[in-house]
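Quick note on numbering: the sequence shown equals residues 0 to 397 in numbering that gives the first Met the number 0.
For every residue, glycine included, the Cβ atom is placed at its ideal position computed from N, Cα and C.
Worksheet for the structure shown next.
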Amino acid sequence: MGTALVVSRNARVVSLVQQSWGPDVLPIAPEVFPPNVQTLLAELGDAPMPAVVVLDPVERIQDALFVATDLDQSFGIPVLLVSDRAGEIGLAAMRAGVRDIVHPMAPLEEMKQALERAASHASPEGQQPGTQGAAPQRGKVVTVASPKGGVGKTTVSTNLAVGLAMKEPNSVVLVDLDIHFGDVGSALNIAPEFTLPDLAHGPASRDSVALKSYLTQHQTGLFVVPGSDSPAAADAVTPKEIANLLNMLAGMFKFVVVDTAPGLSEHTLTVLDQTDILVLVTSLDVPGVRGLRKELDTLRDISIVLDSRAVVLNFMHPSRGLSIGDVEASIGRKVDYMLPQSNAVPITTNQGMPLLQQNSKDPVAKQLRSLVDMVAAGDKAEAKGRRFLDFGGKKGDK
Ligand SMILES: Nc1ncnc2c1ncn2[C@@H]1O[C@H](COP(=O)(O)OP(=O)(O)OP(=O)(O)O)[C@@H](O)[C@H]1O
Ligand SMILES: [Mg+2]
């Protein structure tokens with residue numbers, strides 16, 4: 000079980016920990032609360048690293064949060080905080096990776112349970128919570144992608160996410176994986192406090208309770224992970240961190256809708272690995288359709304496994320000189336949804352309120368609603384099972 004290190008000058012708190020944990024308790028009562036993890040670890044001397052740390056900082060809450068973040072991030076050691084200000088500091092503590100806050104006058108049973116819960120979250124070296132196997136009831140990851148830019152991915156993904164959230168509030172999250180130039184925040188008119196890089200590293204990347212506190216909630220009940228507003232921060236996010244974030248979100252939400260940057264970037268390929276439903280968007284023009292054909296070929300070559308997929312043809316207009324038949328012949332499969340060109344769409348983009356949030360009767364909204372229904376119903380169509388992507392190829396052809 001290991002040692003419980005308790006940093007407290009309160010004899011009652013030390014005794015609570017000793018009665019809860021057993022003989023392996025190392026109490027330290029420094030004159031001044033350790034301002035950083037190095038100072039704390041220096042107090043340990045030759046003793047082994049503790050399995051859990053209980054910090055009772057009294058007024059030095061900020062120092063305790065710094066120490067907790069370091070213990071959690073650098074050593075994977077779970078931290079309990081002792082404080083009578085749980086309501087006031089709860090959110091900051093969660094973001095620092097603190098597992099629980101126990102009142103100094105708490106009954107023994109409460110301390111015991113908090114210590115047991117914290118110890119059960121300890122991360123063995125090299126293994127992080129959130130990456131340990133699939134969640135028992137994993138949500139569906141729905142990725143919206145396209146070979147070219149400006150074809151309507153964000154329009155489709157924001158409407159899809161809002162449409163799903165209006166059906167099932169609090170069970171949908173939208174991730175803006177166009178991390179450099181994403182505009183999901185603006186399309187939904189939200190001013191997020193945290194963006195994707197804040198969630199990809201740090202406490203949120205290890206603990207689903209902390210992760211939830213970093214999400215921005217939209218008025219429809221949709222949760223949002225906006226792209227980065229700093230190119231340097233975006234560059235620092237690795238594909239492994241993206242994979243971990245998606246895995247954690249899929250364990251927390253019924254639907255994870257992902258908006259992507261144009262093309263098959265490293266990040267998009269990482270997401271495709273975890274994607275259940277792929278929505279491919281193209282515009283009704285020769286470069287757009289050719290690009291889609293190439294993307295379909297590439298996906299087939301790399302044998303991406305999916306539950307289902309849909310092709311959305313956007314900017315439909317009779318004057319474009321291409322018919323649906325031309326497009327289907329070129330891409331070698333049928334088009335599932337056809338979105339007409341409509342002035343209503345850029346207006347909603349500029350307003351920051353997707354068509355489906357406005358209960359719009361526009362023909363584009365009608366098509367997007369069918370897409371929402373397909374994705375929502377797909378959730379129940381488990382019997383279909385997974386299959387190899389066979390865009391344009393023979394069944395089973397890789
Ligand atoms: N069916 C449509 N009719 C008219 N305008 C549309 C339609 N679909 C999208 N638009 C407009 O086209 C622009 C680009 O759409 P959107 O941002 O959704 O594309 P995107 O593929 O996400 O672009 P990027 O690759 O830059 O991220 C937006 O101003 C949007 O309002
Ligand atoms: Mg976009």
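- For ligand 2, no non-hydrogen atom lies closer than 8 Å to the CB of threonine 267.
- According to the DSSP assignment, arginine 116 belongs to no beta strand (DSSP E) but to the alpha helix (DSSP H) extending over 107–119.
- In terms of Cα proximity to valine 208, the closest of Lys166, Leu283, Glu240 and Phe252 is Phe252.
- Here glutamate 294 is buried. Its C-beta has 16 or more other C-beta atoms within 10 Å.
- The beta carbon of aspartate 258 sits closer than 8 Å to at least one heavy atom of ligand 2.
- Distances from the CB of valine 278 to the heavy atoms of ligand 1 are all 8 Å or more.
- Per DSSP, reduced to three states, the secondary structure at methionine 247 is helical.
- For valine 51, the three-state secondary structure derived from DSSP is strand.
- In the displayed model, alanine 91 falls within a helix according to three-state DSSP.
- Taking a C-beta distance under 9 Å as the contact criterion, asparagine 313 and leucine 355 do not qualify as a contact pair.
- With a cut-off of 8 Å, the C-beta of aspartate 182 is classified as near ligand 2, since at least one heavy atom of the ligand falls inside that distance.
- If you check the C-beta of alanine 46 against ligand 1, you find no heavy atom less than 8 Å away.
- Exclusion of aspartate 284 from the 8 Å shell around ligand 1 follows from its C-beta lying no nearer than that to any non-hydrogen atom of the ligand.
- No heavy atom of ligand 2 is found nearer than 8 Å to the CB of threonine 281.
- In this structure, proline 33 sits away from glycine 1, with a CB-CB distance that is not shorter than 9 Å.
- In the structure shown, asparagine 158 falls within a helical segment according to DSSP collapsed to helix, strand and coil.
- If the five residues before and after aspartate 177 are omitted, its C-beta is found closer than 7 Å to the C-beta atoms of Gly226, Asp258, Thr259 and Ala260, all from its own chain and listed in chain order.
- The residue among Phe222, Asn243, Ala186 and His179 with its C-alpha nearest the C-alpha of serine 229 is His179.
- Listed in chain order, the beta strand (DSSP E) elements of length 3 or more contained wholly in the stretch 180–236 are 222–224.
- Serine 307 and leucine 268 have their C-alpha atoms some 17 Å from each other.
- Collapsing the DSSP output to three states places phenylalanine 65 in a helix.
- Between the C-alpha atoms of lysine 365 and alanine 309 there is a straight-line separation of about 16 Å.
- Less than 9 Å divides the Cβ of alanine 63 from the Cβ of proline 56.
- If you look at threonine 281, you'll find it in the beta strand (DSSP E) that goes 276–282.
- For aspartate 177, the CB falls within less than 8 Å of some heavy atom of ligand 1.
- Looking at the backbone, the Cα of serine 73 and that of alanine 92 are separated by about 17 Å.
- Shown here, valine 36 sits in a helix according to DSSP, grouped into three states.
- Here methionine 165 carries a helix assignment [DSSP, helix/strand/coil].
- The alpha-carbon separation between leucine 321 and alanine 235 amounts to approximately 42 Å.
- Closest by C-alpha distance to leucine 40, out of Ser82, Gly184, Val16 and Asp69, is Asp69.
- Sorted by chain position, residues whose beta-carbon lies closer than 5 Å to a non-hydrogen atom of ligand 2 are Lys152 and Thr153.
- By DSSP's assignment, isoleucine 27 forms a beta bridge with Val6.
- Contact check for histidine 217 and valine 223: beta-carbon distance about 6 Å, within the 8 Å limit, so the pair qualifies.
- In the DSSP assignment, arginine 308 falls within the unbroken beta strand (DSSP E) covering 307–315.
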